[in-house]
Amino acid sequence: MSAEFILQQLLNGVSLGSIYALIALGYTMVYGIIQLINFAHGDVMMVGAYTGWYCTTVLHMSFLPAMLVAMLACSVLGVVIERVAYKPLRKSTRLAALITAIGMSFFLEYGMMFLVSPQTRTFPPVFPQTIYHIGPLTVKYGDIVIITVTVCLMTLLTVVVKYTRIGKAMRAVSFDKEAAALMGINVNNVISATFAIGSALAAAAGVLIGVYYNTVQPLMGIMPGLKAFVAAVLGGIGIIPGAMLGGLALGLTEVFVSAIGFSTWRDAGAFLILIIVLIVKPTGLLGQNTREKV
Amino acid sequence: MLELENVHVYYGAIHALQGISFRVDEGEIVTLIGSNGAGKSTTLKTISGLLRPKEGRMTYLGKDLTAVGAPDIVKLKLSHVPEGRRVFANMTVRENLDLGAYQRRDAKGIKKDMAHVFELFPRLEERQAQVAGTLSGGEQQMLAIGRAIMSQPKLLLLDEPSMGLAPILTRQIFDIIRAISQEGTTILLVEQNARMALSVADRAYVLETGRIALSGDAGELMNSPEVSKAYLGGR
Ligand SMILES: Nc1ncnc2c1ncn2[C@@H]1O[C@H](COP(=O)(O)OP(=O)(O)OP(=O)(O)O)[C@@H](O)[C@H]1O
Ligand SMILES: [Mg+2]
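Top to bottom, those sequences are chains R and G.
Oh and the first sequence: position 189 is 188 in numbering that gives the first Met the number 0, straight run, nothing missing.
Oh and the second sequence: position 144 is 143 in numbering that gives the first Met the number 0, straight run, nothing missing.
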């Protein structure tokens with residue numbers, strides 16, 4: 000294997016991993032705040048992809064405005080899903096909520112099929128199909144967009160969580176809801192905000208996937224959703240930098256497993272790595288063993 | 000200032016508070032003592048809106064509290080330091096204090112109160128950037144009280160502030176409670192350490208399995224044979 004080849008795969012892996020990471024963030028944020036694996040999250044991404052498709056194809060918007068509209072639409076969708084389906088179950092068992100999430104996932108998938116037909120749609124070429132040759136590397140315009148968008152959104156998220164009022168409230172609620180309420184934090188609103196942010200990130204990922212692979216269809220959220228869930232667990236569920244790291248690790252693994260000639264094994268490779276990491280470190284790459292709650 | 004009238008609270012089928020009535024007047028330190036499971040924490044949680052009474056009335060500064068939820072009660076300048084401190088262990092001391100002022104928008108006032116908290120607890124100033132989970136138990140208690148002060152309470156509910164602290168630290172915390180009271184904050188104090196609690200308080204109520212069993216002047220109760228026998232280790 001030449002150095003150029005490795006470098007090229009590295010780039011492809013980061014590009015794919017960025018998308019996983021964007022989706023994984025939503026899983027991890029929602030888990031962090033209400034300890035729910037939101038199985039409908041990948042389908043929210045799908046709705047984002049469709050919104051992007053609609054905005055570009057029917058409304059002839061360009062990429063960035065289309066992505067912003069999709070993010071806005073999905074943040075509303077995320078809040079509605081939480082209020083309607085999950086909030087009434089907040090005091091019931093986690094299994095009940097999990098099953099509801101799976102139900103919500105089916106609802107979105109088959110609801111979308113009913114609405115727009117199961118047919119695969121082609122995303123218009125919203126980017127120039129330019130290919131840059133940087134040294135020995137072949138860089139697609141789309142790669143640059145994916146990586147730039149991801150880096151910007153992650154930086155924004157990090158700043159929001161670390162420095163803003165809502166970010167501090169989110170961390171407080173995820174740690175101790177009762178104590179957060181005693182600070183005057185409206186816990187329900189903070190949970191809604193978390194769904195809104197996570198769903199907006201998924202929508203961005205959905206539009207990127209749609210543009211990158213040129214297609215959208217109602218079941219497109221399943222595999223990336225599952226992979227992103229793996230990424231979130233790999234990094235340590237509930238930990239925001241963990242989702243970023245897990246996404247990248249997963250993307251790189253897949254690309255390298257394919258690159259060395261085992262492309263049919265790439266998904267298996269990803270899951271194998273997950274299993275190994277969880278055996279060695281059950282809380283994930285960045286997970287702490289126990290939360291100090293003296 | 001605060002008045003409870005015939006308050007009943009249930010946890011499912013468990014009848015935890017069975018018709019409690021008491022009042023706290025402006026400027027007082029009132030203590031609520033009682034053995035484990037008597038319902039002291041339940042009483043404070045009901046006042047601060049974490050629990051809803053099934054029956055009865057609560058009024059605070061002339062307002063009906065019965066149907067007000069926890070976040071809105073903080074706005075009424077009533078703050079609750081919960082049992083076990085409950086600091087946000089994953090956040091820094093500074094961030095914990097910022098969260099105490101979550102409902103406020105007056106940057107200047109917040110800054111002033113932060114300085115005041117640091118004056119009361121110099122230790123917290125030194126540890127500003129430290130993650131709260133790594134503080135000692137005593138420091139966490141200081142942080143929990145400091146965090147509550149950041150919301151500018153007129154009435155402060157304290158649930159077992161001396162829990163798990165060495166005697167020197169307990170004395171320190173009680174000195175601070177006195178100081179906060181002298182600054183004009185009214186205090187409702189729940190304590191296991193009845194002797195300490197009665198020594199700072201003006202008045203006291205004794206809670207027994209969800210009912211007020213005794214009440215009166217703190218000094219009087221300290222000398223009453225019943226209290227002495229049950230809560231002060233007898234003589
Ligand atoms: N979340 C809960 N679910 C069910 N029962 C509860 C709950 N919290 C408290 N109780 C019950 O309510 C009663 C009063 O509890 P509470 O915590 O108010 O007592 P306490 O006086 O604060 O005791 P301690 O001194 O041990 O803190 C107890 O019998 C307790 O078992
Ligand atoms: Mg208690």
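Cβ atoms here follow ideal geometry from the backbone N, Cα and C, with glycine treated the same way.
Residues in its own chain within less than 8 angstroms of residue i by CB, not counting five upstream and five downstream?
i: F62 of chain R; result: T55, V125, F126, V144, V206 and V210
i: L206 of chain G; result: I19, L31, I32, G33, A37, G38, K39, T42 and A212
i: L225 of chain R; result: G41
i: I175 of chain G; result: L119, F120, M141 and I144
i: N187 of chain R; result: K86
Which residues in the same chain have their Cβ closer than 6 angstroms to the Cβ of residue i, if we skip the five residues on either side of it in sequence?
i: Y296 of chain R; result: There is no way to answer for residue 296 of chain R, as the model of chain R reaches only from 0 to 293.
i: S78 of chain G; result: A147, S150, P152 and L155
i: S17 of chain R; result: I145, I146 and T149
i: M189 of chain R; result: According to the sequence as given, residue 189 of chain R is Val; it is not Met. Result list for V189 of chain R: A168, M169 and V172, in chain order.
For a test of the three-state rule: what should DSSP assign to residue i, helix, strand or coil?
i: F62 of chain R; result: helix
i: R56 of chain G; result: strand
i: E4 of chain G; result: strand
i: F194 of chain R; result: helix
i: Y19 of chain R; result: helix
i: E225 of chain G; result: helix
i: S235 of chain G; result: Missing from the structure shown is residue 235 of chain G; chain G here goes from 0 to 234 and no further.
i: K292 of chain R; result: Note that K292 of chain R has pLDDT 34, beneath the 50 cutoff, so the model's placement of it is unreliable and no number is given.
i: L207 of chain R; result: helix
i: V57 of chain R; result: coil
i: I278 of chain R; result: helix
i: L285 of chain R; result: coil
i: D63 of chain G; result: strand
i: L31 of chain G; result: strand
In whole angstroms, give me the CA-to-CA distance for residue i and residue j.
i: M66 of chain R; j: I46 of chain G; result: 47 angstroms
i: E219 of chain G; j: Y204 of chain G; result: 12 angstroms
i: G145 of chain G; j: S91 of chain R; result: 35 angstroms
i: L49 of chain G; j: P81 of chain G; result: 11 angstroms
i: I275 of chain R; j: F117 of chain G; result: 48 angstroms
i: G134 of chain R; j: S1 of chain R; result: 14 angstroms
i: M112 of chain R; j: F106 of chain R; result: 10 angstroms
i: V78 of chain R; j: L152 of chain R; result: 19 angstroms
i: V43 of chain R; j: I208 of chain R; result: 13 angstroms
i: L156 of chain R; j: V46 of chain R; result: 21 angstroms
i: R56 of chain G; j: D158 of chain G; result: 22 angstroms
i: G94 of chain R; j: F38 of chain R; result: Residue identity check: residue 94 of chain R is Leu in the sequence provided, not Gly. The straight-line gap from Cα to Cα measures roughly 12 angstroms.
i: A242 of chain R; j: G286 of chain R; result: 11 angstroms
Using 10 angstroms around the beta-carbon of residue i, count the other beta-carbons present and answer buried if the total reaches 16, otherwise exposed.
i: E138 of chain G; result: buried
i: E291 of chain R; result: Confidence is the limiting factor: at E291 of chain R the pLDDT is only 38, short of 50, which leaves the residue's position unreliable, though a coordinate-based value still follows. E291 of chain R should be labelled exposed.
i: R234 of chain G; result: Here the model assigns R234 of chain G a pLDDT of 44, short of 50, so the residue's position is not dependable, and the following value carries that caveat. The residue in question, R234 of chain G, is exposed, as its Cβ has fewer than 16 Cβ neighbours within 10 Å.
i: Y59 of chain G; result: buried
i: T185 of chain G; result: buried
i: K176 of chain R; result: buried
i: Q140 of chain G; result: buried
i: S135 of chain G; result: exposed
i: T147 of chain R; result: exposed
i: Y49 of chain R; result: buried
i: R170 of chain R; result: buried
i: T57 of chain R; result: The amino acid occupying residue 57 of chain R in the given sequence is Val; Thr does not appear at that position. Per the 10 Å Cβ criterion, exposed.
i: V279 of chain R; result: exposed
i: D112 of chain G; result: buried
i: H59 of chain R; result: exposed
i: L247 of chain R; result: buried
i: A267 of chain R; result: exposed
i: K110 of chain G; result: exposed
i: E3 of chain R; result: exposed
i: Y140 of chain R; result: exposed
i: G61 of chain G; result: exposed
i: I259 of chain R; result: exposed
Based on the DSSP output, what are the partners of residue i in its beta bridges?
i: T137 of chain R; result: R:H132
i: G215 of chain G; result: G:A203
i: R210 of chain G; result: G:E207
i: R51 of chain G; result: BP columns for R51 of chain G are empty, so no partner.
i: L93 of chain R; result: Per the sequence shown, the amino acid found at residue 93 of chain R is Arg instead of Leu. R93 of chain R pairs with nothing; no bridge assigned.
i: L156 of chain G; result: G:H79 and G:L187
i: Y10 of chain G; result: G:I13
i: R120 of chain R; result: R:V215
Sorted by chain position, which residues of the same chain lie with C-beta nearer than 7 angstroms to residue i's C-beta, five sequence neighbours on each side aside?
i: V293 of chain R; result: The pLDDT assigned to V293 of chain R is 31, lower than 50, so where the model puts this residue is not dependable; a value taken from the coordinates is nonetheless given after this. Closer than 7 angstroms at Cβ, skipping near neighbours: no residue.
i: V256 of chain R; result: W264, R265 and G268
Does any CB atom of chain C fall closer than 8 angstroms to the CB of residue i?
i: S47 of chain G; result: Looking for chain C here will not work: the only protein chains present are R and G.
Is residue i a contact residue of ligand 4, with contact defined as CB to any heavy atom under 7 angstroms?
i: T50 of chain R; result: With respect to small molecules bound, the structure shown includes ligand 1 and ligand 2 and not ligand 4.
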